[in-house]
Each structure stands twice: as structure tokens, then as C-alpha cells.
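Novice: Provided herewith is a single structure, encoded as C-alpha cells, for subsequent inquiry.
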Amino acid sequence: MIVTYMFFGFALLSILGALGLILFKHPMNGAMSFVVTLISLAGMYALLSAKLIFAIQLIVYAGAIMSLILFIIMFLNIQAKDLPDEPGRWFYLGGGIVVISPIAYLLLKMVKSLPAGDTGIIEQDFGGVKEVGQLLFRDWLLPFEIVSILLLVALVGAVVLAGKRGANT
Amino acid sequence: MSLLTIHHYLTTYLVFGAMLFSLGIYGLLTRRTLIGMLIAAELMLAGVSINFMAFNRFLAPDPAVGQIFALFIMAIAAAEAAIGLSIVIAVYRHFKTVDTEDLINLKG
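Residue numbers (this note's numbering), protein chains in the order written: chain A, 9 to 177; chain B, 58 to 165.
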């Protein structure tokens, strides 16, 4: 019973956070409401009994990545006068709703034909650190290493792109 | 499907992920600041990864492949945020603006 209320709360909070992200004018407010979305998504993952991803979502995504983005927004020191004025914002929103509603109707019709899924109790150790870790380091070792190379490339690229130009040349 | 057992169904999570994804597309198309567009792209990634988690929980629970994919999506999102933010900083240094309309020098 309480799980149902938790599900509704998390779903409502994350949709509200996403709406805030697209409707707030200042990027700082948008990023803060996106943090709300990410934290409720972590709760959603916990409801899907994925304990490891729940923790990683909270620590890495809502913690590290979002604090990086917030730090950059503060670093750029964006004032209200720097922001572009968006006169047709609500007009765009209405137009978007009109365009998307037939697609949403089709999607709802299509999704009804999917299998309903297994509602049974899942085994106790699903999604634990041991199971996911064994799968990650046994079957998915090569993609894991490729992702680590990607992160290294991103690190070097960030230093090259954002580093000071002309300091020693 | 009653309203009280709605979280036992795969369909709910799929519709939820589609809502997050389409809000992300809308934000990416309509935000006028570079950082706003970047965060909207992150929202699209989050909507995809809830799909992976729901499919893994309901349809293929034995190997936790969907969770591996969610982990990889997080790594991609971290790399994207790092590169995107450093591009934003470089653009801001050059043009002194975050408004995409002011970046008119990008045309050839």
C-alpha cells in the first residue's frame, strides 16, 4: 500500500521537476528542479528493486554530475539581463501539446498491446552489488574498459577545451 | 489494472519514461541558453534509462543487463556533461554570452 503512494509521489515529483526544467527561465532554477527529478528517479529505481543503481544514481548523478553543472552555472554568473527573452514561450508550449497529442494517443494504444509483465515476487538478491558487479566484470568487461577510455578522453578534452589559451605560447 | 496496483505493470514505467523523454526533447528544442539545452539532453538520457530498468525488472530479471546499461548511460552522461560544459565555457569566453541566438559567427 505504501509502495503505491511512494510510486505516485516519485512519479509526480519527477514529472514536476522535468516541467520546471523546461519552464523556468533561469538555468539555475532549471538545474535545481532537475535535481528533484533525479532524486525521485533514484526512488523509482529502488521501487524497481535495483539497489546498486539506486545508490549510484544518488551519489554519481544527482550528486556529482549535477553539482558540476551547478558549479559551472554559478561560475558563469548569469544575471537575469543576460538571459534571452522568450516572447513566444507559452505559444510554443501550446503548439507542442497540440503536435504531440496524436502521437501520445498512438503511443498509449500501442503500449496496451505489450505484455503486462511479471508481477511476481522477484528473488532476494536481484540488483544487489554482488550480482550486478559479477555481471559487469565478467560478461561486460570490454565495454566497461571502453567506457573508462571514453571518460579519460572526456577528461583530456575538457582540459583542452576549457583550459586557458595563450598562457605559454 | 486498478489504480492501486499500477506500479506492478511495465506499461506504467514505459509511459513515464516516454513522458520524461518527450519533455527532454521539448526542452532541447525550446531552451535558448546553452546550459538549459545541455540539462534537457540529460533529461532525455534519464528517460531512456528508466525504460531499461523497467524492462529488466519485469521481462528479463535473470541477467541484470538493463542495470548494466543504466550504469553505462550514467557514464555517458558524465562524459557528455564534462565536454558540453567545457564547450559552454569556451563559447562564453569567446562571445561573452550563453544565448544561442548570439552565436551568429558559427555560420560559414
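Every residue gets a Cβ at the ideal spot worked out from N, C-alpha and C, and that includes glycine.
Can you give me, in chain order, the residues of the segment 99-110 of chain A that have a beta carbon less than 7 Å from any beta carbon in chain B?
Specialist: Y100, G104, I108
Novice: Do S106 (chain B) and A138 (chain B) have their C-beta atoms within less than 7 Å of each other?
Specialist: As a first step, residue 106 (chain B) must be located in the second sequence, where it is residue number 49. As a first step, residue 138 (chain B) must be located in the second sequence, where it is residue number 81. Not a contact, by the Cβ cut-off of 7 Å.
Novice: What does the alpha-carbon distance come out to for the pair L61 (chain B) and M9 (chain A)?
Specialist: The residue given as residue 61 (chain B) occupies position 4 in the second sequence. The residue given as residue 9 (chain A) occupies position 1 in the first sequence. L61 (chain B) and M9 (chain A): Cα-Cα distance of roughly 8 Å.
Novice: I need the DSSP call for D159 (chain B), collapsed to helix, strand or coil.
Specialist: Counting from one through the second sequence, the residue named residue 159 (chain B) turns up at place 102. D159 (chain B) falls in the helix class under three-state DSSP.
Novice: Over what stretch of residues does the alpha helix (DSSP H) that includes K33 (chain A) continue unbroken?
Specialist: Taking the first residue of the first sequence as 1, we reach residue 33 (chain A) at position 25. Per DSSP, K33 (chain A) belongs to no alpha helix (DSSP H) and is neither H nor E.
Novice: Using a threshold of 7 Å, state whether the C-beta atoms of V137 (chain A) and L60 (chain A) are closer than that.
Specialist: In the first sequence, the residue the question calls residue 137 (chain A) occupies position 129. In the first sequence, the residue the question calls residue 60 (chain A) occupies position 52. Yes, the pair counts as a contact, with Cβ atoms nearer than the cut-off.
Novice: Residues in the same chain with beta-carbon distance under 6 Å from M101 (chain B), minus the five sequence neighbours each way, listed in chain order, please.
Specialist: For the purposes of this step, residue 101 (chain B) is identified with residue 44 of the second sequence, where counting begins at 1. Once the five neighbours on either side are set aside, the close Cβ partners of M101 (chain B) are F78, G81.
Novice: Consult DSSP for T45 (chain A) and reduce its assignment to one of helix, strand or coil.
Specialist: Position 37 of the first sequence, counting from 1, holds the residue named residue 45 (chain A). Helix.
Novice: Less than 8 Å between the CB atoms is what I'm expecting for F37 (chain B) and G123 (chain B), so what's the real figure, rounded?
Specialist: Only positions 58 to 165 of chain B appear in the structure, and residue 37 (chain B) is not among them; the question remains open.
Novice: Please report the straight-line C-alpha distance between T177 (chain A) and G135 (chain A), rounded to a whole angstrom.
Specialist: By 1-based counting over the first sequence, the position of residue 177 (chain A) is 169. By 1-based counting over the first sequence, the position of residue 135 (chain A) is 127. Note that T177 (chain A) scores a pLDDT of 45, beneath 50, so its modelled location is shaky; the value from the coordinates is reported in the next line. Taking the straight line joining both Cα atoms gives about 52 Å.
Novice: Relative to the C-alpha of V68 (chain A), which residue among A:V140, A:L46, A:L150 is closest?
Specialist: Along the first sequence, one-based indexing puts residue 68 (chain A) at 60. The shortest CA-to-CA distance from V68 (chain A) to any of A:V140, A:L46, A:L150 is the one to A:L46.
Novice: From A:L115, A:D147, A:R146, pick the residue whose C-alpha is nearest to that of A229 (chain B); which is it?
Specialist: In this structure chain B extends from 58 to 165, so residue 229 (chain B) is not present and cannot be described.
Novice: Report the partner residues of T12 (chain A) according to the DSSP bridge assignment.
Specialist: In the first sequence, counting from the first residue as 1, residue 12 (chain A) sits at position 4. For T12 (chain A), which the question treats as bridged, DSSP gives no partner whatsoever.
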